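Heads up, the sequence shown is in full-length UniProt numbering, so the first residue is 1 and it goes up one at a time.
One structure is given below, encoded as structure tokens.
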Amino acid sequence: MRAAVATGTGGPEVLSVGEVEAPSPAAGEVLIEVVATAVNRADTLQRQGFYPPPPGASETIGLECSGRVVGLGEGVTGWSVGDEVCALLAGGGYAELVAVPVGQVMPVPGGVSLIEAAGLPEVAATVWSNVFMTAHLAKGERFLVHGGAGGIGTMAIQLAAARGAEVFATAGSPAKLELCRSLGATHVIDYREDDFVEVLAEAGGADVILDNMGAKYLGRNVDALATGGRLVVIGMQGGAKGELDLSVLLRKRASVTATSLRARPVTEKAAICCGVVENVWPLVAAGAIRPIVETTMPLEDVARGHQLMEDGSHSGKIVLTL
């Protein structure tokens with residue numbers, strides 16, 4: 001089958017499209033003919049050799065996809081050949097076919113095209129699992145997301161706002177700040193000019209912070225928390241090692257949690273996907289949340305897609321079509 005392949009680890013130029021062996025669905029798996037997939041930050045790390053797939057997962061890059069069911073493994077119920085679906089993957093999305101544990105296969109939300117649906121599973125599962133299942137963001141609480149114009153950020157703003165939170169978002173250009181505002185952020189912060197700690201302090205502190213920067217923002221994020229605040233770290237774009245003043249954490253009775261999605265057990269991913277279908281998809285179908293796709297391009301342009309992701313100038317999702 002046709003799939004993205006890498007000549008080794010390195011820059012986007014190592015990626016091209018070639019032929020690899022097609023998968024077959026094992027027991028409990030669904031075989032999907034991929035219509036589209038999306039580029040995620042983790043994909044660029046895998047390409048560089050820093051984020052290998054978990055044991056047993058496909059070596060092909062790609063953490064989400066949309067498409068049609070073309071095969072069912074032993075014991076699979078609830079799906080039929082021809083069903084249009086989207087899925088959360090441990091790998092294999094940049095290919096014509098991918099085999100997925102049945103619990104990670106989700107229906108396409110109402111009102112969303114298959115192309116748009118390709119960019120929903122990873123961001124929806126990340127935000128739902130971290131902001132709501134882990135940090136328990138509640139109606140009326142103050143929520144801060146860094147990188148509000150990115151894939152995760154655009155979903156986090158919309159979902160938090162739809163569930164009644166007061167949303168703060170950081171971004172780095174007038175256009176991105178306006179996008180955050182249009183999606184439901186009531187407070188937008190230009191991280192090039194303004195200190196998010198000061199902004200949150202004036203508001204009373206953040207009850208929940210979703211952070212992809214890691215070490216660079218660790219201390220400042222804790223400073224920005226309200227009493228009882230919860231910081232969830234999901235990325236290390238700003239480094240892996242930072243200093244944490246435990247006295248501040250103790251004084252605020254706050255918590256810091258670090259999570260990842262890809263390496264979680266299949267049962268945990270299934271529970272997350274179930275929560276997404278139950279709690280997020282109805283909001284998408286109602287128009288309260290919309291997919292934010294900046295650009296689509298054919299799989300053959302995968303290297304350009306990775307370069308666009310690394311340039312950081314895009315907003316929302318970068319979708320690759322097959």
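Even for Gly, the Cβ is constructed at its ideal location relative to N, Cα and C.
Note that this is a predicted model, so its numbers are computed, not measured.
Practice item. Kindly identify the DSSP beta-bridge partner or partners of CYS180. Key: Partner(s): none; CYS180 has no beta bridge.
Check your understanding: Which residue spans inside the segment 129 to 160 form an unbroken alpha helix (DSSP H) run of at least 4?
Key -> Listed in chain order, the alpha helix (DSSP H) runs fully inside the segment 129 to 160 amount to none, counting runs of at least 4 residues.
Practice item. Can you tell me the Cβ-Cβ gap for HIS136 and TYR217, rounded? I've got them flagged as a contact below 8 Å. Key: Wrong, their Cβ atoms sit about 21 Å apart, outside the cutoff.
Check your understanding: Three or more beta-carbon pairs under 8 Å between the segment 79 to 92 and the segment 227 to 240, yes or no?
Key -> no
Check your understanding: Grouping DSSP H, G and I as helix and E and B as strand, with all else coil, what is GLU272?
Key -> The sequence given here places Ile at residue 272; Glu does not occur at that position. Reduced to three states, the DSSP call for ILE272 is helix.
Check your understanding: Going by beta carbon distance, what residues of the same chain come within less than 6 Å of ALA38, once the five residues before and after it are set aside?
Key -> GLU64, ALA118, GLY119, LYS317 and VAL319
Check your understanding: How about the segment 282 to 292 and the segment 150 to 158: do they share at least three Cβ pairs that are nearer than 8 Å?
Key -> yes
Check your understanding: Roughly how many angstroms separate the alpha carbons of GLU116 and VAL35, rounded to a whole number?
Key -> 10 Å
Check your understanding: Which whole-angstrom value is the C-beta distance of THR186 and GLU166, which I expect to be below 8 Å?
Key -> 6 Å
Exercise for review: Using alpha carbons as the reference points, say which of ILE209, VAL199, VAL233 and GLY229 lies closest to ALA215.
Suggested key: VAL233
Point to revise | Of the residues VAL70, VAL81, PRO23 and VAL127, the one placed nearest THR60, counting alpha carbons only | key: PRO23
Check your understanding: Excluding five sequence neighbours on each side, which residues of the same chain lie with their C-beta closer than 6 Å to the C-beta of VAL127?
Key -> MET155, ALA156 and LEU159
Practice item. Check whether the segment 168 to 187 touches the segment 245 to 254, taking contact to mean three or more Cβ pairs, one atom from each stretch, closer than 8 Å. Key: Not touching, per the Cβ criterion.
Check your understanding: What are the complete alpha helix (DSSP H) segments, minimum 4 residues, inside the segment 46 to 97?
Key -> none
**Study point:** Alpha-carbon spacing of ASN40 relative to MET309, whole angstroms
**Key:** 8 Å
Review point. CB-CB under 6 Å to GLY67, same chain, minus the five flanking residues each way: which ones, in chain order?
Key: ILE32, GLU33, VAL34 and VAL35
Practice item. Following the continuous beta strand (DSSP E) through SER16, name the residue where it begins and the one where it ends. Key: Element bounds for SER16: 15 to 19.
**Study point:** 6 Å CB neighbourhood of ALA161 in its chain, flanking five on each side removed
**Key:** VAL167 and GLY184
**Study point:** Where VAL188 falls: helix, strand or coil (DSSP)
**Key:** strand
Exercise for review: Could you tell me which uninterrupted beta strand (DSSP E) segments, each at least 3 residues in length, are contained entirely in the segment 220 to 273, listed from first to last along the chain?
Suggested key: 225 to 233 and 255 to 258
Check your understanding: Three-state secondary structure (DSSP) at MET309?
Key -> Helix.
Review point. Which value, in whole angstroms, describes the spacing of the CA atoms of ALA138 and GLY164?
Key: Counting only the Cα atoms, GLY164 lies some 8 Å from ALA138.
Exercise for review: Take ARG220 and list the residues in its own chain whose beta-carbon comes closer than 6 Å to its own, dropping the five residues that flank it on each side.
Suggested key: Excluding positions up to five away in sequence, the list reads VAL197.
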